[in-house]
Structure formats: C-alpha cells, structure tokens
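> Here you go, one structure.
Protein chains in written order, with my numbering: chain A, 1 to 348; chain B, 1001 to 1348.
Set out below in structure tokens:
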C-alpha cells in the first residue's frame, strides 16, 4: 500500500487515492457509521488530503471519531428528501452528516435544474465537517454553476461586537470553463480558519492584525487570547461581516437548520461537528446566454492571466491532484500506521 | 416646493420625495428618455438621495445627462422579456438602462418564484448607473430573499495583477424579518467606490493602505495615482478578488452581457454608464423551513444586537428615509435651482 520515497525513518510515504479512501472507509465503519456514509466521508476526506486542503483532510480523522463516539452525530442517519416545489428540494439530514444528505438530494436537484434552469437544495439538521469545495466542484464538471453556503458554530464576532455570533461561514462557488478544470473557490467569511489559530498557538506565533478579539472584545494578535474566550473577526471588515450574516440566513434560517450560536453540544463531550444547515444553488448556464458560457468564462480567464494573476482559485488543488495521481498522496509513515491500526488492519 | 430651514443664503432646503421624483422625471424626459424610463430612473435616483446613498443620488444627474447626450445608451429602449425555462427569465435591455429591464421582467420572475420556490432573472445589454439595493429591497418587502450581482467597467486589478479587469462589482442581498424593515446590504467587491477616490483626490486626502495601485501595479495611497492609469484593489485581499471574479461570471458570462473589461465607450465621449449585465436570484423562504423564516431572521437580529453590534445593514438608510418622510430630503438651494432649470421649470 505504501512506497516510502527513501529509507530514512522520517521519510514520507505515498498512498494511492483509492487506497486512502478504502482505509478511511474502514475507519469510519468501525467508528459506527453506515457503509454508505463511510464511503462518502472517506472520499471527501481523502480528496481534501490529496488536494492539499490539509485542515479538512486526515487532520480531521480524530475529530470524526471523537464526535461519533460522543453520540452527538448519528453516523447511521438516513436522510429524508422532500420535493417541495418545482425548483426546491429540502433534505432533513436527521442529525447525520451533511455530505450524505447532499448526495441523497442531488439526483432530484439535477432533474430540477435541467427542467427549470435553476434549483435549490436546502439541507437541515446536518453536520458539515469537511471542506465546502467538494460539494460544488462536481456540478461544474457537469456544466452547471454552483454556489453553496454552510454555517458552523459561533466563533466570529459581528462588527463592534464582543461576543461570537457567526460561524466561519464559508461560501463556495464553482463554474465550468472551456479550457481547463472548473474555477472553484471555497472561502470562510472569517479572517482565518479555526485550525490556523490553533496551529499558531501551538507554534507560539502571533497572528496578523485584524484576525480576532480577546474575551473582552479587544483586538488581539495573540492566538491564545482568541482561543481563550475570544473570537475571530470577519475578513475585510464590515463587508465580510455582512457575508457571514448572509450565510446564517441562507444556511440556517432558510433551511430550517440551527444558527451557529444555537449549536449546543455541551451534553456531548468530544462533539466537534456543528449541527446546522447548508444551502446549495445550482444554475444551468446554457439557459442564460446567447454566447457559449464556457467559452465566455475562458475569455475572462485569459484576461485575468494577461493582467498578471498567476493562479486561478482551485489551480493549486488541481496541481496537487495531478501530482497525487502520478506518485500518490504524501503521508507520514507513522500516521499511516496509526490509521491502519484504527482501521483494524494488521500492523507490522 | 422648497422650504429653506432658515433665511441664510447657504441654508439647506428640503424637498418632498414625490416632488424630487417629479423634478427628476422631467429632467430625464427632457434628456431624451421615454416617460416610463424616466419614471423608473427618477424614483431610483431620488430614493438614493433620500436614503443617504449620495454617490448614487443627485450626484449622478450630470452623468445621466452626459451619457444620454453621448448616444452610448438608448433612453427609449424597450426591453424584451424572454421566458426561457420554468424558473429562468432573460431580459435583453437592448442598450437601455438596467432598472426598466428589471421592472419589465419582474412580473414573470415573481410568477416563477411563487411556482418554483426559486427563480432567476438574467439581464444583458444593460446600463446600471444606480445603487444596487433598490433592486433587491422590494422583493424582501414581499417576503422573498433576493440576491443581485452587477458588473461595471474595468477599474479593479486581480490579485498580483497590474491591469484592471473587474468592475467594482457589487453584491446586494435582502431578506425580510418579522420585527422591522428588511435586512439589506449592497457592497462593492472593491476596497473603495470610484466616487470616494475622486472625492479624496479633490480634497487632497490620501487613502487607507490596500485601496489601490498606480499605473505600474505598485500599491499606493495616492488617489491621483489611482485615477491616473492606476486601479482599485479588491476589498479583503484574495477573498474579495474571488467575489469580483464571481460577479463577472454571474452578471456577464451567465447573462450574455459584456465583461467589465469589454466595455468600450471610446467612440462616445461623455459616456459614463457601463453596458454590462445583471443577475437577480429570488427565493421563496416559505418553501424552505419548518419554522417561520421571518421569525428566525428576527432571532438572528436579536443575537447580533446582544453581541454588541449597534446597527444592521440598511438601518442608516431607513433612519434617513423616515427623517425625509417627516421633513423632506435636504438639498442645497443652488442645486435645487439648477435641477429646476434642467427640468425646464421657470426659475425665479
């Protein structure tokens, strides 16, 4: 399964994507998820690791296990798909993970977007613990434009506020183009991700100004002060704050899910996955323009490159993905051994 | 029509909203717009002035006149509404203003959103010279959630770029709430509005870091360097840049309109209105949640206030609007005289 790149004890091994998916699948099943749920979570987590979204890759495995062990999330939940209007699908995730709920609703969503030109999927009672870009990229690969919004747990203060209200509240966007992989971005409404703050605290680094506030609401660059009763700030001042608020409205109020500040996992020690909601909007661009949409996006891409921007959103992920397809996904041998043990495989 | 607040020559007069609308309507008709177009533009421009969106209020009248005189925009254009799919409306503005095109498509859009739960309006070949919030607020007043995107003319550089590609590219959002006026925001993807740069240049002020670049692509806080072949920066670094790019894709590629960098008004001296596109997405929240949407938004609003944020997006506009309803819209007597002359009214 592994092929250490050299013989040193600290060498980095490489694992094929499908092997990593299989390993994670076994781990999730062992932790109490249904096989179908395990397959979806494993692919999601392995994709993030492969594409360099490390904070949503193998780094999250302990969190998945801890939250499943706490009883806070139901790894065997069967999502219920509700056909509520010609272009509107609702999914009750029934306290399960968001990605299986999204997968359950997708066939009906695609049917509706093909018939109507635009359609919406509203997921509630769902736990989203992964990156958001894997939820939109597949739609762009099928020729659609997709937007998604997910709220999380209160860790971001509103403008002028001292108490956290918003989650990191990412927005993800995907659009197909004629000359390459889709344009995809996935960005938090907070100045930083929670994981970045934890890593800075561990390493004793201070954060850039504008990252967060301490427990009194005063601005701080000390990651420990943010973690110790403080909170993150939105990116870009009041404009980022407005986007964070919009995500609460779209992902929670509109879906019937919980707001980030309503997440109460205090009765479940070890819980790590916010139980909130998610909104997905998918558009058929062929209904829109007189000219070919993917060619038009390509024209824009060309102009952005001409103006001096070297990389499009998503390009770094695609480069790492291609590299992983050639040589496998880099992984520390110790971590691989640990994961194999968790999966119940015999260790050497 | 006016009631100067005191007898000094520099006193501020006040004009009733309906009187200002009538005055602007006469001006626009005299400048060559159809009466229906004039009525829509007049209400839009007077609303911006009333609500304190000064940069899109009376400040814009010379621009409207100049662009109409240049022949770049057709003030008599009749928009063509196309019913392309169950939830998808297209409007060809036929080189007219965006707001009459939006008005022409709105009845069909509302029919579709009521039937489908979500619907989209894609406007192309349109000139948007107003604020964006007036396009979304009316939908929230009818109980819907609305999002709109409009691109403009190239004045914002991509990340790492030295040449402008994006317009200021605002996003506007509106949602109804149980206990007050709708939540509405309208924010550019650029760090500043073009008007703010011009005002700073006139007043000899420098701009905050991160506002723009000079003609070589180097960061500058000098507004003159931005205006003299330089460009604005996106707000919030690469995240704002990604939003600016998304707006180009949604407002231009998806609608069949022009990208900001394709606007070529060089053959029309005096042209000021970007001819691009606009996208509007309207959602019926009652299809979404088990709980009442407007009550849920109210819960969020309460929590934001508890956390210490004093004002919601839109609140300042509503306060000024209420004040204007009581005492009229403040206006300099000299400006009022000038507008009356433009409208062809006898002056004293």
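Heads up, the beta-carbon is just placed ideally off N, CA and C, and yes, glycines get one too. As the structure is a computational prediction, the values presented were derived from the model and not from experiment.
(1) Between which residues of its own chain and residue 168 of chain A is the CB-CB distance below 8 angstroms, once the five residues before and five after are set aside?
(2) Using DSSP bridges, identify the partner residues of residue 1082 of chain B.
(3) Pair every Cβ in the stretch 1124–1132 of chain B with every Cβ in the stretch 1270–1286 of chain B, then say whether three or more of these pairs are closer than 8 angstroms.
(4) Does residue 1095 of chain B come out as helix, strand or coil in the three-state DSSP assignment?
(5) Figure out for me which residue from A/287, A/100, A/160 and A/249 has the closest Cα to the Cα of residue 81 of chain A.
(6) At which residues does the beta strand (DSSP E) containing residue 1126 of chain B begin and terminate?
(7) List, in chain order, every chain A residue whose beta-carbon is nearer than 8 angstroms to that of residue 1281 of chain B.
(8) The beta strand (DSSP E) that contains residue 1172 of chain B, what's its start and end?
(9) Give the C-beta separation of residue 315 of chain A and residue 178 of chain A to the nearest angstrom, bearing in mind that I take them to be a contact with Cβ-Cβ under 8 angstroms.
(10) Provide the residue span of the beta strand (DSSP E) that contains residue 1147 of chain B, from first to last.
(11) Between the beta-carbon of residue 68 of chain A and the beta-carbon of residue 33 of chain A, is there less than 8 angstroms?
(12) Suppose the cutoff is 6 angstroms on Cβ atoms and the five residues either side in sequence are ignored; what does the same chain contact list for residue 339 of chain A look like?
(13) Pairs of beta-carbons, one from the stretch 1315–1325 of chain B and one from the stretch 109–126 of chain A, closer than 8 angstroms: are there three or more?
(14) With DSSP as the reference, please indicate the residues paired to residue 217 of chain A in a beta bridge.
(15) Ordered along the chain, which non-local residues of its own chain (more than five positions away) have a Cβ less than 6 angstroms from that of residue 1200 of chain B?
(16) Buried or exposed for residue 1076 of chain B, going by 16 or more other Cβ atoms inside 10 Å?
(17) Output yes if chain A places a C-beta closer than 8 angstroms to the C-beta of residue 1248 of chain B; else output no.
(18) Chain B partners of residue 158 of chain A, CB-CB under 8 angstroms?
(19) Near residue 285 of chain A, which residues of its chain fall below 6 angstroms by C-beta distance, leaving aside the five closest residues on each side in sequence?
(20) Tell me where the alpha helix (DSSP H) around residue 1261 of chain B begins and ends.
(21) Evaluate the contact criterion for the stretch 1086–1106 of chain B versus the stretch 1040–1055 of chain B: three or more CB pairs, one atom per stretch, below 8 angstroms.
(22) Compute the Euclidean distance between the alpha carbons of residue 234 of chain A and residue 1029 of chain B, then round it to the nearest angstrom.
(23) I'd like to know if residue 1088 of chain B contacts chain A, where contact means its C-beta is closer than 8 angstroms to some C-beta of that chain.
(24) For chain A, find out if any of its Cβ atoms is closer than 8 angstroms to the Cβ of residue 1213 of chain B; answer yes or no.
(25) Does the CB of residue 187 of chain A have a neighbour CB from chain B at under 8 angstroms?
(26) For chain B, find out if any of its Cβ atoms is closer than 8 angstroms to the Cβ of residue 285 of chain A; answer yes or no.
(27) Under a CB-based cut-off of 8 angstroms, is residue 1193 of chain B close to chain A?
(28) Can you tell me where the alpha helix (DSSP H) holding residue 1304 of chain B begins and where it ends?
(29) Who are the near neighbours of residue 27 of chain A in its chain, counting only those whose CB is closer than 6 angstroms to its CB and skipping five residues on each side?
(30) Taking the alpha helix (DSSP H) that residue 1076 of chain B belongs to, which residues open and close that run?
(31) In terms of residues, what are the limits of the alpha helix (DSSP H) holding residue 1315 of chain B?
(32) For the beta strand (DSSP E) that residue 1276 of chain B lies in, which residues bound it at each end?
(33) Hey, does residue 209 of chain A have any beta-carbon neighbour from chain B nearer than 8 angstroms?
(34) Roughly how many whole angstroms lie between the Cα atoms of residue 1014 of chain B and residue 1097 of chain B?
(35) How far does the beta strand (DSSP E) with residue 1015 of chain B in it extend, from its first residue to its last?
The relevant details are as follows:
(1) Sequence index remark: in the first chain, residue 168 of chain A carries index 168 (1-based). In chain order, 152, 155, 156, 188, 189, 190, 193, 194 and 232 place their CB closer than 8 angstroms to the CB of residue 168 of chain A, counting only its own chain and leaving out the 5 sequence neighbours on each side.
(2) One-based indexing of the second chain puts residue 1082 of chain B at position 82. According to DSSP, residue 1082 of chain B bridges with B/1090.
(3) Yes, they touch.
(4) By one-based count along the second chain, residue 1095 of chain B stands at place 95. In this structure, residue 1095 of chain B counts as strand in the three-state DSSP scheme.
(5) Taking the first residue of the first chain as 1, we reach residue 81 of chain A at position 81. Closest by alpha carbon: A/100.
(6) By one-based count along the second chain, residue 1126 of chain B stands at place 126. Where residue 1126 of chain B is concerned, the enclosing beta strand (DSSP E) stretches over 1118–1127.
(7) Numbered from 1 along the second chain, position 281 holds the residue referred to as residue 1281 of chain B. The answer, in chain order, is 118 and 281.
(8) For this step, residue 1172 of chain B is matched to residue 172 along the second chain. 1171–1177 is the extent of the beta strand (DSSP E) around residue 1172 of chain B.
(9) As a working note, residue 315 of chain A is residue 315 in the first chain. As a working note, residue 178 of chain A is residue 178 in the first chain. Between the beta-carbon of residue 315 of chain A and that of residue 178 of chain A there is about 16 angstroms, and that puts the pair past the 8 angstroms contact cut.
(10) As a first step, residue 1147 of chain B must be located in the second chain, where it is residue number 147. 1145–1150 is the span of the beta strand (DSSP E), which, as asked, contains residue 1147 of chain B.
(11) For the purposes of this step, residue 68 of chain A is taken as the residue at position 68 of the first chain. For the purposes of this step, residue 33 of chain A is taken as the residue at position 33 of the first chain. Taking 8 angstroms as the Cβ cut-off, residue 68 of chain A and residue 33 of chain A qualify as a contacting pair.
(12) Taking the first residue of the first chain as 1, we reach residue 339 of chain A at position 339. Closer than 6 angstroms at the Cβ level, and outside the excluded window around residue 339 of chain A, lie 23.
(13) No, the stretch 1315–1325 of chain B is not in contact with the stretch 109–126 of chain A.
(14) What you label residue 217 of chain A is simply residue 217 of the first chain in a count that begins at 1. None; residue 217 of chain A has no bridge partner.
(15) For this step, residue 1200 of chain B is matched to residue 200 along the second chain. Same-chain partners within the cutoff: 1207 and 1223.
(16) The residue labelled residue 1076 of chain B in the question sits at position 76 within the second chain. Classification of residue 1076 of chain B: exposed, given that the 10 Å Cβ count is below 16.
(17) Stepping through the second chain from its first residue, residue 1248 of chain B is reached at position 248. Cβ-Cβ to chain A under 8 angstroms: yes for residue 1248 of chain B.
(18) Indexing the first chain from 1 puts residue 158 of chain A at position 158. Within chain B, the residues near residue 158 of chain A are 1304, 1307, 1308 and 1309.
(19) Here residue 285 of chain A refers to the residue found at position 285 of the first chain. Result list for residue 285 of chain A: 145 and 293, in chain order.
(20) On the second chain, position 261 is the one that residue 1261 of chain B refers to. Counting along the chain, residue 1261 of chain B falls outside any alpha helix (DSSP H), and DSSP gives it neither H nor E.
(21) yes
(22) As a working mapping, residue 234 of chain A is identified with position 234 in the first chain. As a working mapping, residue 1029 of chain B is identified with position 29 in the second chain. Their Cα atoms are separated by approximately 45 angstroms.
(23) As a position in the second chain, residue 1088 of chain B is number 88, starting the count at 1. Chain A contact via Cβ: present.
(24) Start at 1 with the first residue of the second chain, and residue 1213 of chain B comes out as number 213. Chain A contact via Cβ: absent.
(25) One-based indexing of the first chain puts residue 187 of chain A at position 187. Yes, contact with chain B.
(26) Within the first chain, numbered from 1, the residue matching residue 285 of chain A stands at position 285. Answer yes: the Cβ-Cβ gap between residue 285 of chain A and chain B drops below 8 angstroms somewhere.
(27) As a first step, residue 1193 of chain B must be located in the second chain, where it is residue number 193. At a cut-off of 8 angstroms, the C-beta of residue 1193 of chain B has no neighbouring C-beta in chain A.
(28) Residue numbering aside, residue 1304 of chain B sits at position 304 when the second chain is read from its first letter. Segment 1293–1306, the alpha helix (DSSP H) holding residue 1304 of chain B.
(29) Position 27 of the first chain, counting from 1, holds the residue named residue 27 of chain A. These residues qualify, in order along the chain: 342 and 343.
(30) Here the question's residue 1076 of chain B lines up with position 76 in the second chain. Note, residue 1076 of chain B: premise wrong, no alpha helix (DSSP H); not H, not E.
(31) One-based indexing of the second chain puts residue 1315 of chain B at position 315. Here the alpha helix (DSSP H) through residue 1315 of chain B covers 1315–1327.
(32) Position 276 of the second chain, counted from the start, is the residue given in the question as residue 1276 of chain B. Start and end: 1275–1283.
(33) Translated into positions along the first chain, residue 209 of chain A becomes position 209. It does not; no Cβ of chain B falls within 8 angstroms.
(34) Position 14 of the second chain, counted from the first residue, corresponds to residue 1014 of chain B. Position 97 of the second chain, counted from the first residue, corresponds to residue 1097 of chain B. Their backbone Cα atoms lie some 29 angstroms apart in a straight line.
(35) Sequence index remark: in the second chain, residue 1015 of chain B carries index 15 (1-based). It spans 1013–1015 - the beta strand (DSSP E) in which residue 1015 of chain B sits, taken as one unbroken run.
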